[in-house]
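Residue numbers (this note's numbering), protein chains in the order written: chain A, 218 to 433; chain B, -13 to 182; chain C, 23 to 229. Backbone N, C-alpha and C define an ideal beta-carbon position, used for all residues, glycine too. Read through the structure below, which is laid out as structure tokens, and then see the notes.
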């Protein structure tokens, strides 16, 4: 299978982080990106679960890439992904029950996260095991970092905390009754709501566009 | 509450209050991708409504007739996604055979629907919300489809007009669409609490 | 095209990979499920236990008294509830806790409600599941609102917009900005209290 134009390891790894970042450049996997990034902890859990499923499905697909029949390909991908998502879901239920309650149906929704099926189709079904693993790591890492970044921004703005730890001075309850200035950070609850998700992601994408234009 | 009121309220609530796009973030990918033109958005919405009703009902039946009685919860996700993929295939074959003209205008969307998270999401929410009555399951699935169609059509209408607006260079395309969606979701929050 | 093949052979030739991997994945899932499901079940039990301990701190042991029993809340509304006995370390009954659920602002709210052994006073509630709007409705999990139920008489309660939240009686002061979530909680209390009492008397749990 060794051909001259097979992708190199390092560029593949780096592509996932910026140039082909699943969220920021390819606009894939939007649902979890928006839904579970109201705090960093859920974002991290979601990112790592997705990365795990991505890695496993890339390995399996890459191993059986020469045996795949074209018209049963997608069915095979879906079956593989669904299996590993079930495993990830069970793991969370068994070892991180609080997280599993919080993320609820968004964990099984990893099945229809376009990133995974897209990588299976575009990378794993054409490349060897090594490149597929590197690709999954790069993409999974890129996805997790982006999710955490969004989660951090939203969590700081909506509660003044990161990882549940207060970093901006908390405001005392009923401060407005004393008639003085606010004695701490006024939480902007809107950022924990759907509005915050859409607007934050929109502005970040705008920023990325701007940076890309500057460097181009 | 009698059954009819429950059904009507459930329907309204999933169309407006628990709209899959604006409050549950489901089906964002097609929402961003297809909603450029209003007629295409409507076609996509109809296709989704059809598949979502079919697969919502089927997965509910499978869940309650096979998986729950036999304690096979573990196979739920695999079954659900296979049912959805199967339903999409069936609809595609049926439409291609019997309504070739419809297929021309609609067919491209059908293949995309399998990975539309709104559908799997709805099936999972039916399970989470502990819907225990088939009529309710059908009504909720249908309502979810209508809600999706409405969201995607509103968005397409706004985007058609946005082409005439002077949007900052960096925000063109997906960013401004997302921000618009954010404002829309805020508007839809106004419906929250109307139905109890 | 080569000569016609047996359809069954063709089928197997085309889909053997799918069948084999479905079989392997099935085995994998079954294995993992067998290994982890006791842990999942234990987690669920622990969650209930934790909720009861949070409400009745002296609890050393809990016992399930009524498991997922259907009750009629009104003529047209029925639901299910589970009732637990809370026992202290000398195995003395120190209270009951029951599950209750109702419609909230955005979604369903599931509560664990605790009462004293004679069903005279509430000992508080804990939100087991809710999806209320962060920052507003989620305040039903905060002490300001929750503490008002601790020690409140176990009968129908009323919701007031203004008043002294520190005074413990059958008047509950709503959370400003989250009236609907506040109403939802009090509605759940009012819908369940009499019916659960009835059920417990029926089962011989109360004198």
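Per-residue DSSP class, three states only, for residue i
i             : result
residue 172/C : coil
residue 85/C  : strand
residue 149/B : coil
residue 242/A : coil
residue 175/A : Outside the shown range of chain A, which is 218 to 433, sits residue 175/A, and nothing can be said about it.
residue 163/C : helix
residue 107/B : helix
residue 377/A : coil
residue 137/C : strand
residue 237/A : coil
residue 115/C : strand
residue 269/A : helix
residue 213/C : helix
residue 143/C : strand
residue 309/A : helix
residue 229/A : helix
residue 341/A : helix
residue 275/A : helix
residue 300/A : helix
residue 387/A : coil
residue 282/A : coil
residue 101/B : coil
Interface flag, residue i vs chain A, CB-CB below 9 Å
i             : result
residue 184/C : no
residue 151/C : yes
residue 63/B  : yes
residue 45/C  : no
residue 61/C  : yes
residue 225/C : no
residue 158/B : yes
residue 48/B  : no
residue 111/B : yes
residue 40/C  : yes
residue 155/B : yes
Rounded distance between the beta-carbons of residue j and residue i, thought under 8 Å
i             : j             : result
residue 7/B   : residue 128/B : 16 Å between Cβ atoms; not a contact.
residue 418/A : residue 251/A : 6 Å
residue 225/C : residue 88/C  : 6 Å
residue 279/A : residue 345/A : 7 Å
residue 137/C : residue 176/C : 5 Å
residue 180/C : residue 192/C : 6 Å
residue 363/A : residue 268/A : No, residue 363/A and residue 268/A are not in contact; Cβ-Cβ is about 12 Å, not under 8 Å.
residue 161/C : residue 190/C : With 8 Å as the limit, residue 161/C and residue 190/C do not qualify as a contact, their Cβ atoms being about 19 Å apart.
residue 100/C : residue 92/C  : 6 Å
residue 51/C  : residue 303/A : 6 Å
Min CB distance residue i to chain C below 9 Å
i             : result
residue 115/B : yes
residue 60/B  : yes
residue 329/A : no
residue 341/A : no
residue 304/A : yes
residue 422/A : no
residue 263/A : no
residue 281/A : yes
residue 379/A : no
Residue-chain proximity (residue i, chain B), Cβ-Cβ < 9 Å
i             : result
residue 108/C : no
residue 314/A : no
residue 51/C  : yes
residue 322/A : yes
residue 287/A : no
residue 130/C : yes
residue 270/A : no
residue 219/A : Legend: pLDDT at residue 219/A = 41, less than 50; position of this residue unreliable, value from coordinates given subsequently. With 9 Å as the cut-off, residue 219/A does not count as an interface residue toward chain B.
residue 373/A : no
residue 239/A : no
residue 55/C  : yes
Contact list for residue i against chain F, beta-carbon separation under 7 Å
i           : result
residue 8/B : Within the model displayed, chain F is absent; protein chains A, B and C are what it includes.
Sheet register partners of residue i (DSSP bridge)
i             : result
residue 132/C : 123/C, 151/C
residue 295/A : Beta-bridge pairing links residue 295/A to no other residue.
residue 180/C : 193/C
residue 382/A : 379/A
What alpha helix (DSSP H) runs, 4 residues minimum, are completely inside the segment -3 to 56 of chain B? 6 to 10, 14 to 20, 24 to 48
As an exercise, report each continuous beta strand (DSSP E) stretch of at least 3 residues that is fully enclosed by the segment 50 to 110 of chain C, in chain order. 83 to 94, 100 to 109
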